[in-house]
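Residue numbers (our numbering): 7 to 113. For every residue, glycine included, the Cβ atom is placed at its ideal position computed from N, Cα and C. Predicted model only: the values in this text are computed from it and were never measured.
Spelled out as structure tokens, the structure:
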């Protein structure tokens, strides 16, 4: 699995099953979009937020969402210190539409 860049403006979302096994890792993108991103952006009345957020990217990449139990969203500065990475309203809606029960983020 490719090692994600979790520093700066990049957010990384990690979905795990109940036992802690990683099911999906993904980052936000400033160039890619996805129909699921557009769906939840429109629902949140933020139609211009079409570029892929890490949380939604991780949901899309997850091979078996029925096993998903938790998601952790991480953002670090260039010194490796945690920065706020709370999911936005778009991503919270997408996460709540899955089986994910636990949502964690850096503060």
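Check, Outcome
"Sequence-distant residues of the same chain with beta carbon closer than 6 Å to residue 38, five excluded per side", "58"
"Classification of residue 90 by the beta-carbon crowding that lies within 10 angstroms, buried from 16 upward", "exposed"
"Close Cβ partners of residue 24 (< 6 Å) along its chain, the five nearest in sequence each way excluded", "75"
"Local conformation of residue 88 per DSSP, three classes", "strand"
"Unbroken stretches of the beta strand (DSSP E), 3 residues or longer, contained in the region 20-80", "28-33, 76-80"
"The region 60-73 / the region 97-105 touching (three or more Cβ pairs under 8 Å)", "yes"
"Residue 109 - DSSP class collapsed to helix/strand/coil", "strand"
"Span of the alpha helix (DSSP H), counted from its first residue to its last, around residue 95", "95-102"
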